Amino acid sequence: AQRVTQPEKLLSVFKGAPVELKCNYSYSGSPELFWYVQYSRQRLQLLLRHISRESIKGFTADLNKGETSFHLKKPFAQEEDSAMYYCALSGSKAAGNKLTFGGGTRVLVKP
Amino acid sequence: DAGITQSPRHKVTETGTPVTLRCHQTENHRYMYWYRQDPGHGLRLIHYSYGVKDTDKGEVSDGYSVSRSKTEDFLLTLESATSSQTSVYFCATEDSSYNSPLHFGNGTRLTVT
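Here the protein sequences come in this chain order: F and P. For what it's worth, my numbering labels the leading residue of the first sequence as 65, then goes sequentially. For what it's worth, my numbering labels the leading residue of the second sequence as -6, then goes sequentially.
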């Protein structure tokens, strides 16, 4: 069975401070990992995926297979980063492979 | 986003009544999903579809049924609503290409009193 754990329900940081959202997973195979974000009054949308190794809106995430983690980081948080963030896992790159989501972390960036 | 429309956006219903939520997409995506979002649980998969008339259960399917009679519509039915089904329901679609992301609807807030 696949499982995703986000230990922090709420992260509150000041603007300009670093922010790190933790994500740990359990999966017996080789996982595909994603971060989805939901801004206030907007749809849930993909932020980034580990396979792309890209930085989106200043966020990066590195897959650590040894620690089974996929933490999301940003060195300098902005107020517009306030949102709900979900880590998600898929067992395959192929389409139609259902995502398992973590419980979510709400980020509040204070001015 | 991928032309996904959920209806209704909000609904209040009484325990024991049937409820149907609709997801409509205009992108001809093959895969469609119904998730429920609850505090502390994140999004949990209820049912999904990998084509017309092809559906399967997710992790929290009890008390729910789905139908997909055409590509663009995916219906979620609560046969007899219970208070534990009070939640926000999200529909998502996915096309058939490699590593494609999910596209989400705006959600339906359902309250069962």
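Built from N, CA and C at the ideal position, the CB exists for glycine as well. From a predicted model like this one, the values you see are computed outputs, not experimental measurements.
Q: For F67 (chain P), go through chain F and note every residue whose CB falls closer than 7 Å to its CB, in chain order.
A: Residues of chain F passing the Cβ test: none, with the nearest at roughly 14 Å.
Q.
So if DSSP puts L38 (chain P) in a beta bridge, which residue, or which two residues, is it bridged to?
A. Paired residue(s): P:Y28.
Q) What number of angstroms, rounded off, separates the C-alpha of L172 (chain F) from the C-alpha of L112 (chain F)? A) Each residue's alpha carbon lies about 20 Å from the other.
Q | Inter-residue spacing [alpha-carbon to alpha-carbon] between G9 (chain P) and S58 (chain P) | A | In this structure, the alpha-carbon of G9 (chain P) lies about 15 Å from that of S58 (chain P).
**Q.** is_contact[P1 (chain P), chain F] using C-beta, thresh 8 Å
**A.** With 8 Å as the cut-off, P1 (chain P) does not count as an interface residue toward chain F.
Q | Three-way DSSP call (helix, strand, coil) for E52 (chain P) in this model | A | DSSP, read as helix, strand or coil, puts E52 (chain P) in coil.
Q: Kindly indicate which three-state DSSP category E131 (chain F) falls into: helix, strand or coil?
A: If DSSP states are grouped into helix, strand and coil, E131 (chain F) belongs with coil.
Q | the region 105 to 125 of chain F: positions lying closer than 8 Å to chain P by Cβ | A | Of all residues in the region 105 to 125 of chain F, the ones placed with a Cβ closer than 8 Å to any Cβ belonging to chain P are R107, L108, Q109, L110, R113 and I115, in chain order.
Q. With 8 Å set as the bound, which would you pick, yes or no: does the beta-carbon of H34 (chain P) sit closer than that to a beta-carbon of chain F?
A. H34 (chain P) counts as touching chain F.
Q) In its own chain, which residues sit with a C-beta less than 8 Å from the C-beta of S54 (chain P), not counting the 5 before and 5 after it? A) Listed in chain order, the non-local C-beta contacts of S54 (chain P) below 8 Å within the same chain comprise I39 and H40, local neighbours out to five positions each way being set aside.
Q. Under a three-way DSSP split, which group does E144 (chain F) fall into?
A. E144 (chain F): helix per DSSP, three-state reduction.
**Q.** Backbone CA spacing between A152 (chain F) and S73 (chain P) [nearest angstrom]
**A.** So the alpha carbons of these two residues sit roughly 30 Å apart.
(Q) Does the contact criterion of 3 or more C-beta pairs under 8 Å hold for the region 85 to 104 of chain F versus the region 136 to 153 of chain F? (A) Cβ pair count under 8 Å is three or more, so yes.
Q: Might you give, ordered along the chain, the residues of its own chain that have their beta carbon closer than 6 Å to the beta carbon of T70 (chain P), omitting 5 neighbours on each side?
A: Closer than 6 Å at the Cβ level, and outside the excluded window around T70 (chain P), lie T13 and S58.
Q.
With distance defined between alpha-carbon atoms, name the residue in P:F97, P:P1, P:D47 and P:E65 nearest to W27 (chain P).
A. The shortest C-alpha separation from W27 (chain P) is found at P:F97.
Q) Any residues in the region 141 to 153 of chain F with a beta carbon nearer than 7 Å to a beta carbon of chain B? Which ones, in chain order? A) As a matter of chain content, chain B is missing from the structure shown, whose protein chains are F and P.
Q: Select from P:R37, P:P32 and P:Y24 the residue whose C-alpha is nearest the C-alpha of D47 (chain P).
A: Closest by alpha carbon: P:Y24.
Q: Kindly indicate which three-state DSSP category H114 (chain F) falls into: helix, strand or coil?
A: Reduced to three states, the DSSP call for H114 (chain F) is helix.
Q) Just to confirm, are L95 (chain P) and L163 (chain F) a CB contact at a threshold of 8 Å? A) Yes, the pair counts as a contact, with Cβ atoms nearer than the cut-off.
Q: Please report how far the alpha carbon of L75 (chain F) lies from the alpha carbon of K174 (chain F), in whole angstroms.
A: Each residue's alpha carbon lies about 11 Å from the other.
Q: Output the distance between the C-alpha atoms of L36 (chain P) and Q78 (chain P), rounded to the nearest integer angstrom.
A: Each residue's CA atom was taken as its position, placing L36 (chain P) and Q78 (chain P) some 13 Å apart.
Q: Look at the alpha carbon of G122 (chain F) and the alpha carbon of E96 (chain F), and state the distance between them as a whole number of angstroms.
A: Using only the alpha carbons, I get a separation of about 21 Å.
Q.
Quick check on the DSSP output: the beta strand (DSSP E) that includes T(-2) (chain P) runs from which residue to which?
A. I(-3) to S0 is the extent of the beta strand (DSSP E) around T(-2) (chain P).
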